[in-house]
Amino acid sequence: MEKEKIQSLISQMTLEEKAGMCSGADFWHLKGVERLGIPSVMVTDGPHGLRKQAQGADHLGINESEKAICFPAGCATASSFDRELIRRQGELLGQECQAMDVSTILGPAMNIKRSPLCGRNFEYYSEDPLVSTEMAAALIKGVQSKNVGTSAKHFVANNQEKRRMTNSSDMDERTLREIYLASFEGAVKKAKPWTVMSSYNRINGEFVGDKKEYLTEILREEWGFDGYVVSDWGAVNDRVSSLAAGLDLEMPPGDYENDRLIVKAVQEGKLDESVVNQACERVLDVIFRYAENRDTDAVFDYEKDHAAAAEIEAECMVLLKNENSLLPFEKGTRLAVFGKASADYVKGGGGSGDVTVSYTVSLDAGLKALSDYVSVYEGLSSFYNKNVRDQYERGVAPGMTVEPEVPAELLKKARAYTDTALITICRFSGEGWDRTSSYDNGVESGEPMWKESQKVFERGDFYLSDAEQRMVETVKAAFPKVVVVLNVGGVVDSMWFAEDPKIQSVLMAWQGGIEGGAAAAELLCGIGSPSGKLADTFAKTLEDYPSSYNFHESQDYVDYTDDIYVGYRYFETIPGADKKVVYPFGYGLSYTTFKWELERVDEAED
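Residue numbers for the sequence shown follow the numbering used here, so the first one is 51 and each next one is one higher.
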């Protein structure tokens with residue numbers, strides 16, 4: 051809708067109606083004004099898949115949502131370094147939004163991976179702001195090409211989950227500009243997201259949502275952002291001051307008390323009504339961008355999108371190790387597959403990134419579908435599948451790493467069946483909690499993060515658990531050929547396999563979405579060659595990361611003493627730090643062999 055028409059609508063609205071447009075109608079909907087023909091539109095979670103909730107709304111992924119396609123998470127797609135691939139994923143998401151009548155998808159999530167322990171690293175892209183902003187821009191362009199909005203989040207410096215609603219990220223201006231703002235800047239300038247989501251946290255003691263410097267001076271005046279700024283859900287502290295700072299839309303609305311505070315502030319002369327008008331104009335502009343381009347014929351092609359999810363994941367996996375060219379498996383290879391992740395594949399993380407799907411393809415199922423290539427020992431397969439079913443009945447959430455002990459007789463039969471073992475390791479993480487440096491399992495020995503509907507969500511970890519270590523040692527002792535598949539949402543300890551000659555091959559499969567197991571199985575069998583490269587640095591120990599001593603602190607502030615030296619900037623700059631790296635940023639093997647021979651240069655004749 052033209053700007054003049056929007057301003058005409060605003061001129062016909064009461065002050066109460068205008069104040070009301072500055073907050074939602076409910077958890078997922080923006081207000082409409084029926085008498086003026088302003089529709090109520092829906093927004094929903096989904097950086098890598100729609101989480102449209104019909105009822106029982108929440109932003110932590112506890113309640114069920116409508117079934118959709120879970121595409122590979124940001125940790126995976128960033129490793130493709132492929133803008134067109136991510137744009138394609140965005141186009142599919144945009145088409146699904148049109149089919150499900152969702153005006154704006156709350157993503158991409160594009161905070162910097164300052165520490166490997168951040169619970170939401172599975173949906174973030176990289177430790178590097180250029181990679182992050184380029185990947186995010188590609189997704190934004192893809193989604194918005196379908197006349198559906200995006201919400202670049204979480205602006206800005208939201209790099210941990212612990213105390214995220216009150217924590218202060220304390221840093222100097224250079225660090226903020228070169229690392230944390232830079233992760234957003236390119237995407238805002240190039241892709242022009244319809245909305246930006248303000249984060250919960252403070253920076254240097256002041257809440258981002260109350261700070262005009264960030265929401266107006268930098269975002270709008272410097273970068274040219276022309277959409278509306280929406281709060282993260284519940285991230286409003288002082289509604290009048292946040293509105294003046296440039297936070298246009300509060301979500302969710304609560305009891306509408308803040309709407310009344312806006313009206314009162316205008317009536318008492320504490321807030322100029324032009325500020326309210328401006329916020330309304332921004333919100334209405336985005337509402338009509340969608341409403342006037344609504345594709346009522348859009349369809350949700352589940353089968354097509356399932357196939358696309360697998361194709362995208364195939365471009366994201368990273369081959370970390372492949373001694374003696376053990377991968378891809380030769381046709382006719384027999385496999386003994388170990389690890390709960392073989393039957394309980396993690397498609398993505400928890401919270402607002404948790405997508406309800408009709409099914410998830412496990413690695414076990416993916417390998418069995420390729421019977422022309424490999425055969426899987428059924429005894430172990432049945433053992434792990436039964437264990438997963440039993441754990442579900444006890445309330446253990448999907449993707450947890452409670453590894454069962456393999457009976458000695460079953461191990462013996464597996465060794466008689468084959469000399470090749472495949473170990474699967476999975477990790478589950480999510481919104482609301484950070485990973486731990488030591489193994490802290492809610493079901494076996496620690497406290498669960500929360501319980502809901504008899505489900506227990508546990509914290510993922512950086513190192514192997516005792517049970518996983520026992521499994522690895524048992525397998526290495528029994529099988530001469532060992533391959534590892536990592537079904538994880540971010541950087542994990544790699545020392546246990548990097549220099550171990552008994553583990554010949556390692557594939558980083560990430561959290562690959564609904565078809566992740568199928569895509570990983572095909573790559574293991576040589577249906578395609580790994581082409582992904584690491585978008586993060588894998589150091590030898592957690593303590594080797596410069597953020598390790600200033601992350602996740604008990605106080606309500608974190609001193610960013612690592613400054614601009616995040617990820618590879620630290621390891622390539624600080625003397626001796628390169629010796630702490632196992633797999634550097636940009637690393638990734640393939641099945642292709644390369645040979646470099648000394649070139650001869652002949653002197654040119656006159």
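Glycine is no exception: its CB is placed at the ideal position from the N, C-alpha and C atoms. Since the structure is predicted, the reported quantities are computational estimates derived from the model, not experimental observations.
- In the DSSP assignment, no residue is bridged to TYR174.
- Sequence-distant Cβ neighbours of VAL279 in its own chain, meaning closer than 6 Å and more than five residues away, are VAL246, SER248, LEU265, GLY296, LEU297, ASP298.
- If you ignore the 5 residues before and after VAL616, its C-beta comes within less than 7 Å of the C-beta of ILE162, ARG164, GLU177, ILE229, all in its own chain and listed in chain order.
- Secondary structure at ALA589: strand, using DSSP grouped into helix, strand and coil.
- In summary, ALA466 is exposed, with fewer than 16 beta-carbon neighbours lying within 10 Å of its beta-carbon over all protein chains present.
- Annotation: PHE338 to TRP78 spans about 17 Å, alpha carbon to alpha carbon.
- With a cut-off of 8 Å on Cβ pairs, the segment 145 to 161 is not in contact with the segment 370 to 384, counting fewer than three such pairs.
- Pairing LYS629 with TYR618, the inter-Cα distance amounts to about 12 Å.
- Rounded to the nearest angstrom, the Cβ distance from ILE190 to ALA237 is 6 Å, consistent with a contact under 8 Å.
- Taking the C-beta atoms as reference points, GLY99 is found nearer than 7 Å to ALA118.
- Taking one beta carbon from each stretch, the segment 343 to 361 and the segment 423 to 441 have fewer than 3 pairs nearer than 8 Å; the two do not touch.
- Listed in chain order, the non-local C-beta contacts of LEU639 below 6 Å within the same chain comprise LEU369, ASN372, local neighbours out to five positions each way being set aside.
- Distance from the Cα of PRO596 is smallest, within the candidate group ILE624, LEU573, ASP606, ALA585, for ILE624.
- Counting only residues of its own chain and dropping the five nearest sequence neighbours on each side, LEU59 has a CB closer than 6 Å to the CB of LEU86.
- The segment 461 to 481 and the segment 392 to 400 touch, with three or more beta-carbon pairs separated by less than 8 Å.
- Distance between ALA285 and ARG252, taken at the CA atoms: about 11 Å.
- DSSP places VAL336 in the uninterrupted alpha helix (DSSP H) bounded by 323 to 341.
- Looking at the DSSP output, ARG384 bridges to SER425.
- Under the three-state reduction of DSSP, LEU297 is assigned to coil, being neither helix nor strand.
- In the DSSP assignment, MET545 falls within the alpha helix (DSSP H) that extends over 545 to 548.
- Taking the Cα positions, LEU156 is about 49 Å away from ALA458.
- Distances from the alpha-carbon of PHE512 to those of THR410, GLU455, ASP309, THR591 put THR591 closest.
- Per DSSP, the beta bridge partners of LEU472 are VAL387, VAL533.
- The C-beta separation of ILE564 from ALA359 comes to about 5 Å, placing the pair in contact by the 8 Å criterion.
- The Cβ-Cβ distance between GLY140 and GLY192 falls below 7 Å.
- The beta carbons of ALA202 and LYS240 sit no closer together than 7 Å.
- Within the segment 197 to 240, the complete beta strand (DSSP E) segments of 3 residues or longer fall at 199 to 205, 218 to 220, listed in chain order.
- Residue pairing by DSSP puts ILE88 in a beta bridge opposite VAL83.
- Annotated as distal: MET367 and LEU142, with beta-carbon spacing of 7 Å or more.
- Taking C-beta separations shorter than 7 Å and ignoring five residues to either side along the sequence, the partners of ARG270 in its chain run GLY296, following chain order.
- When Cβ pairs closer than 8 Å are counted between the two stretches, the segment 386 to 397 is seen to touch the segment 411 to 423, the count reaching three or more.
- Judged by their CB atoms, VAL316 and GLU307 are not nearer to each other than the 7 Å cut-off.
- Under DSSP, the beta-bridge partners assigned to GLY400 are GLY480.
- Put simply, the backbone Cα of ALA364 is about 16 Å away from that of THR642.
- ILE136: member of the alpha helix (DSSP H) spanning 133 to 149, first to last residue.
- In the DSSP annotation of this structure, ILE190 is not part of any beta strand (DSSP E); the continuous alpha helix (DSSP H) holding it starts and ends at 179 to 194.
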